[in-house]
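To keep things clear, I will list the structure first and then write my remarks on it.
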Amino acid sequence: MADQPETPKILEELSKASAKAGSRKSRQQKNARLRFLLVLALFAPVAAGIAYVGYQQYQLQQNISSITTENQQLSQTVANQNSLISQLQEQLAAPLEPFEIDDAAVREVESVLNAEIASLQQQLQELQSQPDIPTTQPNLDWKLLEAEFLIRMANQKLQLEGDVTSAVLLLQDADASIVESGNSSVFAVRQSIASDLSLLLGAELVDREGIFITLSNLTNRIDQIDLLGSMRENFENRHNIESVPVEIGARPNGFIDSTYDFLSSIFVWRKWEEKPAAMLAPAQESAVKQSLHLMLGQAQYAMVTQDRELYRRSLSNSRAWLQRFAVTESAVGQTMLGELNELSRIDVSPSLPNLGNSLSLISQLILD
6 MADQPETPKI
16 LEELSKASAK
26 AGSRKSRQQK
36 NARLRFLLVL
46 ALFAPVAAGI
56 AYVGYQQYQL
66 QQNISSITTE
76 NQQLSQTVAN
86 QNSLISQLQE
96 QLAAPLEPFE
106 IDDAAVREVE
116 SVLNAEIASL
126 QQQLQELQSQ
136 PDIPTTQPNL
146 DWKLLEAEFL
156 IRMANQKLQL
166 EGDVTSAVLL
176 LQDADASIVE
186 SGNSSVFAVR
196 QSIASDLSLL
206 LGAELVDREG
216 IFITLSNLTN
226 RIDQIDLLGS
236 MRENFENRHN
246 IESVPVEIGA
256 RPNGFIDSTY
266 DFLSSIFVWR
276 KWEEKPAAML
286 APAQESAVKQ
296 SLHLMLGQAQ
306 YAMVTQDREL
316 YRRSLSNSRA
326 WLQRFAVTES
336 AVGQTMLGEL
346 NELSRIDVSP
356 SLPNLGNSLS
366 LISQLILD
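Numbers in the working numbering are just positions in the sequence shown, counted from 1, shifted up by 5.
Take a look at the structure:
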């Protein structure tokens, strides 16, 4: 019975011992896992490197096999070419089969060529036997004279006719002649011509044909305008037709009205303007229209001769004459006044450059 109290102690010690042994075992297992993971972590890069090296080795083997195949194909191609070369060499080394050639035509051509060669040699000997003729450069100074003439013509076209287009063409031809002369001292002349050309190309061109046609149309339209004398006759005729004779009655209350109506049937009451227009007799209508014809013809002449003052004065007189004697409220009158105003704004003699500087320079060049 004395051993019974010690039994629990022994059991307790055994349980503690087994617990310690279990904890020690679990610690060992944990350490073993850590070591395994560490070994696995170290082995993984090595395995990856081995796999990469193996893949590269496989690729290298594939490339080597491909290169080997291409090398074999090239060798086969070279062998085929060598075979062809050997065949060609054999064909070239083989003797040619003789064949007959009809050289009659060749001999005929050869004889003709020999005859021509002999003729040419004879001509060459004749030329060599002639005395030497000194070869000199052609004298192209006449090109400068031609250029001076062209510049002078261009200046006349500008000053006398106002023909800008012809002047430009003449100046361009003159510049070409100066270049063809081969003279080395033409820079100043060409510079002056280039300046004149620039001014002419920028000048405002006057449509003289259009102005002449417009003036001709105005002249033809004069017979269509209505003059004040014609309007007065039409008014009197219409008044005579519409007038009704007035009977003066005996009624005292309507005497004044009847008298006024009677006087109105005899006289035409009209309110005069500040400047009354001229009333024409029937015989004067042709004279007025003839005067308009002459004024417009004078404007055409002034346009052709480039007389700016005469041109503007003729148009101004035509406009004043038309406003004085014609009915300007009509469609024809309004149209003619509008066209006269437009023509008056055109400068028929615009300022054009003078080619005197170019003429002076080329004349000095010719004298030098």
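All residues carry an ideal CB built from backbone N, CA and C; glycine is no exception. Small disclaimer: the values here were computed from a predicted structure and weren't measured.
Proximity test, Glu344 beta-carbon vs the ligand FMN heavy atom, cut-off 6 Å: In terms of ligand content, the structure shown is empty, and the ligand FMN therefore cannot be addressed.
Taking the straight line between their C-alpha atoms, what separation do you get for Asp228 and Leu205? 41 Å
For Ala331, list the residues DSSP reports as bridge partners. Leu232
By a C-beta neighbour count over all protein chains shown, 10 Å radius and 16 as the cutoff for buried, is Gly54 buried or exposed? exposed
Anyone know if the C-beta pair for Met300 and Val353 falls short of 7 Å? no
Can you grab the Cα-Cα spacing for the pair Ala109 / Glu115, in whole Å? 10 Å
Given that a residue counts as buried once 16 or more other Cβ atoms are within 10 Å of its Cβ, and exposed if not, what is Leu132? exposed
Are at least three pairs of beta-carbons, each pair with one atom in the stretch 163-177 and one in the stretch 193-211, less than 8 Å apart? yes
Under the assumption that Leu297 contacts Arg324 (Cβ atoms under 8 Å), give the Cβ distance between them as a whole number of angstroms. Not really, about 10 Å apart at Cβ, beyond 8 Å.
Would a C-beta distance cut-off of 7 Å place Asn359 and Ser197 closer than the cut-off? no
For the alpha helix (DSSP H) holding Gln311, just list the boundary residues, first then last. Careful: Gln311 lies outside any alpha helix (DSSP H) and carries neither H nor E.
For Asp146, is the classification buried or exposed, using 16 other Cβ atoms within 10 angstroms of its Cβ as the cut-off for buried? exposed
Per DSSP, what kind of secondary structure is Pro100 in: helix, strand or coil? coil
What's the gap between the Cα of Val332 and the Cα of Leu163? 42 Å
I'd like to check one pair, Ile122 with Ala3: are the Cβ atoms closer than 7 Å? Within the shown structure, residues of the chain are numbered from 6 to 373, placing residue 3 beyond reach of any answer.
Given that a residue counts as buried once 16 or more other Cβ atoms are within 10 Å of its Cβ, and exposed if not, what is Gln305? buried
Neighbour-count burial assignment, Ser124, 16 or more Cβ in a 10 Å radius: exposed
Which of the three DSSP states, helix, strand or coil, is assigned to Glu209? coil
Environment of Ile90 [buried if 16+ CB atoms lie within 10 Å]: exposed
Measuring CB to CB, does Leu348 end up less than 7 Å from Leu320? yes
So for Asn322, helix, strand or coil by DSSP? helix
Are Leu366 and Ala193 close, meaning C-beta to C-beta below 7 Å? yes
Quick one: what's got a C-beta closer than 8 Å to Met158's C-beta in the same chain, skipping five residues either side? Leu175
Which parts of the stretch 151-183 are runs of the alpha helix (DSSP H), unbroken and 4 residues or longer, counting only runs that do not cross its ends? none
Just verifying my parser: in three-state terms, what is the DSSP assignment at Val337? helix
Please say whether Gly338 and Ile230 have beta carbons closer to each other than 7 Å? yes
Check for me: the alpha helix (DSSP H) holding Ile367 runs from which residue to which? Gly361 to Leu372
Assigned exposure category for Ile15 - 16 Cβ within 10 Å defines buried: exposed
Under 6 Å Cβ to Cβ from Val191, same chain only, skipping five residues before and after it: list those, please. Ile183
Inter-residue Cα distance where the pair is Val117 and Val111: 10 Å
Leu149 versus Asn322 - alpha carbon distance: 50 Å
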